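Sequential numbering from -11 applies to the sequence shown in the working numbering.
Beneath this line is the structure, given in structure tokens, with notes to follow.
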Amino acid sequence: MKETGTIAVIGQGYVGLPLALSFAMNGQNVIGVESNPEIRKNLASGRTLQNENWNGKSIETILKEQLESGRYRLSGDTVAAVREAETICLTVGIPVADGQPVLDSFHGACEQIGKGLQAGSLVLIRSTVIPGTSESYCVPLFEKLSGLKFGETLFVAYVPERIAEGSAFEEFRTMPTLIGSSDPQSREKAAEVICINSRSEMIFCHSAIEAETSKVLENLQRDTNIAIAQEFARFAEAAGMNAIDVIRLANTHPRVHMMEPGPGVGGYCIPNAFYYLAHKASELGVSLPIMKAARDLNDQMPNTIVSKTIELLAQAGKKPQESRVAVIGLGMKDYSPDDRLSPSVVICEQLAASGFEVRAYDPNVAKAYPYKVESIEKAVENVDALLILNKISKEFRPSEFFSLLKQPAVILDTRNLVQEKDLPADAVFWRI
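Given below as structure tokens:
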């Protein structure tokens, strides 16, 4: 192995790219490994759709700077990159389809890593995984393919990413980091690498499965808390209260940290967590009824929004086949360019399937959709209903566009952005 201190980051997505650039900004030689040729081409040209910033610089500016410095370079060859590197960070995700983890990409990346490992290699698994994956699947595979021995010539630790999209550079520095491995040397070597970026606490876990399960539990806790907020919102609606106002009052208690309701839960982190734990729970013969109920409730929120839209339009004497609907927000959360598992996209598709003409606007999401339009004016002009599903910018004020709506307008606000005093006189209004 070349003693260059090179770090290979496998996967240049929402975790891998800011992680690789963080290492590069801190003086390391980094190979960003990306299997998708189109993404690799864009990155090599200094282009990315990610929305991250650090010290007043956008991630695109940082990407261009690190490419020019030579500290960050790209490769599509995992085996070659692993052979060159001293440390390998695996960030390839595990999607879920029909309630089951889809392991092909993750397993494929592990196999390529195993073929390139050399004596002394350190592998940091940063993907969110099914508990038990690192030392029950990855380590035996790495040993088999490389001929190395875990804890002697091969070092492996599970170090979960805990960042929020949009705050990646900051949180790589400030978020406490879990380091899980049954091998003490692997934990120590991992800590030496993590401290390149991190200025926060490092917490050693004496097995990888503890750290893996902790990461899944973090996401499950948020999923469950969001479901509580969704359920409470229906109670508050029936009682004639603003659910978000009541939640904010409850949160004035220092030991209460309630989430706010919304149109659903998107992205790859929170929605997938239950299925990772359920996969392991099934092996162990354990049921997870509360977590499953929470996941099911959050999954149903797009249906709730669509049903409410149809109901309110009926109150206004309008049928789906005769109605146009504007949707504000396509990302999986406020201000996000990431539309993976976005409830907003599900809502648009269900509305279209119900017969509505749908116009959606989100300046943050680059992906083309048949119902996406290029301006908010084009989205809202002469529509029968306005659905506010995301905050699309700090400056966005829905009331500025109410005059463009067809009257009487139906307005659904899932982000608590509308003040009732600003509503058109005959508006039919619903707040989540």
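All C-beta atoms, glycine included, are put in the ideal place defined by N, C-alpha and C.
Note that the structure is predicted; figures quoted are calculated from it, not measured.
TODO: Would you tell me roughly how many angstroms separate the C-alpha atoms of R71 and P172, rounded to the nearest one?
DONE: Residue mapping note: residue 71 aligns to position 83 of the sequence shown, counting from 1. Residue mapping note: residue 172 aligns to position 184 of the sequence shown, counting from 1. Taking the straight line joining both Cα atoms gives about 24 Å.
Open item on the list: On a Cα-Cα basis, can you pick out the residue from A145, R236, D211 that is closest to I191?
Closed with: For the purposes of this step, residue 191 is taken as the residue at position 203 of the sequence shown. Considering only alpha carbons, the answer is A145.
Open item on the list: Rounded to the nearest angstrom, what separates Y359 and E345 at their Cα positions?
Closed with: Counting from one through the sequence shown, the residue named residue 359 turns up at place 371. Counting from one through the sequence shown, the residue named residue 345 turns up at place 357. A straight-line Cα-Cα distance of about 8 Å links Y359 and E345.
TODO: Look up E408 in the DSSP assignment and say whether it is helix, strand or coil.
DONE: Counting from one through the sequence shown, the residue named residue 408 turns up at place 420. Helix at E408.
- [ ] Identify every residue that forms a DSSP beta bridge with V398.
- [x] Translated into positions along the sequence shown, residue 398 becomes position 410. Residue pairing by DSSP places V398 opposite A373, V416 in a beta bridge.
- [ ] For A156, I'd like the list of residues in its chain whose CB is within less than 6 Å of its CB, leaving aside the five on either flank, ordered along the chain.
- [x] Within the sequence shown, the letter at position 168 stands for residue 156. Contacts found: P6, E40.
Task: Every unbroken alpha helix (DSSP H) within the segment 191 to 273, with a cutoff of 4 residues, ordered by chain - done: Annotation: the segment 191 to 273 contains the following complete segments of the alpha helix (DSSP H) (minimum length 4 residues), in chain order: 196 to 226, 231 to 238, 258 to 272.
Task: Contact under 8 Å by Cβ, L374 with I335 - done: For this step, residue 374 is matched to residue 386 along the sequence shown. For this step, residue 335 is matched to residue 347 along the sequence shown. Going by C-beta atoms, L374 is not nearer than 8 Å to I335.
Task: C193 versus S174: straight-line alpha-carbon distance, rounded - done: The residue labelled residue 193 in the question sits at position 205 within the sequence shown. The residue labelled residue 174 in the question sits at position 186 within the sequence shown. The alpha-carbon of C193 is positioned some 11 Å away from that of S174.
TODO: Note the first and the last residue of the continuous beta strand (DSSP E) segment covering A314.
DONE: The residue you call residue 314 lines up with position 326 of the sequence shown. 312 to 316 is the span of the beta strand (DSSP E), which, as asked, contains A314.
Open item on the list: Is it buried or exposed, G15, if we count other Cβ atoms within 10 angstroms and call 16 or more buried?
Closed with: Position 27 of the sequence shown holds residue 15. Around the CB of G15, fewer than 16 other CB atoms lie within 10 Å, so the residue is classed as exposed.
Open item on the list: Does V398 pass the burial test, meaning 16 or more other C-beta atoms within 10 Å, or should it be called exposed?
Closed with: By one-based count along the sequence shown, residue 398 stands at place 410. Buried, since its Cβ has 16 or more Cβ neighbours within 10 Å.
Task: Close Cβ partners of F390 (< 6 Å) along its chain, the five nearest in sequence each way excluded - done: Within the sequence shown, the letter at position 402 stands for residue 390. Answer for F390: P412, listed in chain order.
Task: Under the three-state DSSP convention, the category E165 falls into - done: Taking the first residue of the sequence shown as position 1, residue 165 is located at position 177. Checking the displayed sequence, the identity of residue 165 turns out to be Thr instead of Glu. Here DSSP, grouped into helix, strand and coil, assigns T165 to strand.
Task: Status (buried if at least 16 other CB within 10 Å, exposed otherwise) for K(-10) - done: Here residue -10 corresponds to residue number 2 of the sequence shown, with the count starting at 1. At K(-10) the pLDDT is 36, less than 50, meaning the model places this residue with poor confidence; the figure from the coordinates comes in the next sentence. Label assigned to K(-10): exposed.
TODO: Counting only runs of 4+ residues fully inside the segment 22 to 57, write out the alpha helix (DSSP H) ranges in chain order.
DONE: Listed in chain order, the complete alpha helix (DSSP H) runs (minimum 4 residues) inside the segment 22 to 57 are 25 to 32, 47 to 57.
Open item on the list: Using 8 Å as the cut-off, can you tell me whether the segment 157 to 164 makes contact with the segment 237 to 248, which would need three or more C-beta pairs spanning the two stretches below that distance?
Closed with: No, the segment 157 to 164 is not in contact with the segment 237 to 248.
Task: Close Cβ partners of S93 (< 6 Å) along its chain, the five nearest in sequence each way excluded - done: Taking the sequence shown and counting its residues from 1, the one referred to as residue 93 is at position 105. Non-local beta-carbon contacts of S93 in its own chain, meaning distances under 6 Å to residues more than five positions away in sequence, involve V80 in chain order.
Task: Residues near H267 in its chain [Cβ-Cβ closer than 7 Å; skip 5 each side] - done: Here residue 267 is taken as the residue at index 279 of the sequence shown, counted from 1. Here H267 has P89, I118 as same chain residues with Cβ atoms under 7 Å from its own Cβ, once five neighbours each way along the sequence are excluded.
Open item on the list: Is the separation between the beta-carbon of T(-6) and that of I19 shorter than 8 Å?
Closed with: Numbered from its first residue, the sequence shown carries residue -6 at position 6. Numbered from its first residue, the sequence shown carries residue 19 at position 31. Yes.
Open item on the list: Quick check on this structure: which residue in G255, V84, G250, A85 has the alpha carbon closest to the alpha carbon of E153?
Closed with: Residue 153 sits at position 165 when you count from the first residue of the sequence shown. Cα-wise, what sits closest to E153 is G255.
TODO: Using the Cα positions of L55 and M13, report the straight-line distance between them to the nearest angstrom.
DONE: Locating residue 55 in the sequence shown gives position 67, counting from the first residue. Locating residue 13 in the sequence shown gives position 25, counting from the first residue. Take the alpha-carbon of L55 and the one of M13: they are about 11 Å apart.
- [ ] Kindly provide the ranges of any beta strand (DSSP E) runs that are 3 or more residues long and lie completely inside the segment 323 to 373, ordered along the chain.
- [x] 345 to 349, all fully within the segment 323 to 373.
TODO: Within 10 angstroms of the Cβ of T(-8), are there 16 or more other Cβ atoms? Answer buried if so, exposed if not.
DONE: Working through the sequence shown from its first residue, we reach residue -8 at position 4. Unreliable positioning characterises T(-8) in this predicted model, as indicated by a pLDDT of 46, which lies under 50. The coordinate reading is nonetheless provided below. So T(-8) ends up on the exposed side.
Task: Reduced DSSP secondary structure (H/G/I, E/B, other) of Q16 - done: Numbered from its first residue, the sequence shown carries residue 16 at position 28. In the three-state scheme derived from DSSP, where H, G and I count as helix and E and B as strand, Q16 is classed as coil.
Task: Reduced DSSP category for Y125 - H, G, I as helix; E, B as strand; rest coil - done: In the sequence shown, the residue the question calls residue 125 occupies position 137. Note: Y125 maps to helix in three-state DSSP.
Open item on the list: Per DSSP, what are the beta-bridge partners of Q88 in this structure?
Closed with: Position 100 of the sequence shown, counting from 1, holds the residue named residue 88. Note: Q88 sits in a beta bridge opposite A85.
Open item on the list: Quick check on C183: buried or exposed, where buried means 16 or more other Cβ atoms within 10 Å of its Cβ?
Closed with: To locate residue 183, count along the sequence shown from 1; it is residue 195. Burial call: exposed.
Open item on the list: Taking the alpha-carbon of G87 as reference, which of A261, C98, L205, N207 has the nearest alpha-carbon?
Closed with: Taking the first residue of the sequence shown as 1, we reach residue 87 at position 99. Closest option to G87, Cα to Cα, is A261.
Open item on the list: For the pair the segment 347 to 358 and the segment 320 to 336, tell me if three or more CB-CB distances fall below 8 Å.
Closed with: Output reads yes: the segment 320 to 336 touches the segment 347 to 358.
Task: 8 Å Cβ cutoff met for D211 and N286 - done: Position 223 of the sequence shown holds residue 211. Position 298 of the sequence shown holds residue 286. Yes, they are a contact pair.
Task: Range of the contiguous beta strand (DSSP E) that encloses R403 - done: Translated into positions along the sequence shown, residue 403 becomes position 415. Taken as a continuous stretch (DSSP letters only), R403 belongs to no beta strand (DSSP E), as it is neither H nor E.
Open item on the list: Measuring only the C-alpha atoms, how far is A302 from Y323?
Closed with: Reading the sequence shown from its first residue, position 314 is the one you call residue 302. Reading the sequence shown from its first residue, position 335 is the one you call residue 323. Distance from the CA atom of A302 to the CA atom of Y323, rounded to whole angstroms, is 31 Å.
Task: Given S186 as reference, the closest of I82, I167, V294 once Cα atoms are compared - done: Your numbering for residue 186 matches position 198 in the sequence shown. Ranking the options by Cα distance to S186, first place goes to I167.
Open item on the list: Taking DSSP's pairing of strands, which residues face A145 in a bridge?
Closed with: Start at 1 with the first residue of the sequence shown, and residue 145 comes out as number 157. DSSP lists L112 as partners of A145.
Task: Span separating the alpha-carbon of A224 from that of E248 - done: Mapped onto the sequence shown, residue 224 falls at position 236. Mapped onto the sequence shown, residue 248 falls at position 260. Take the alpha-carbon of A224 and the one of E248: they are about 12 Å apart.
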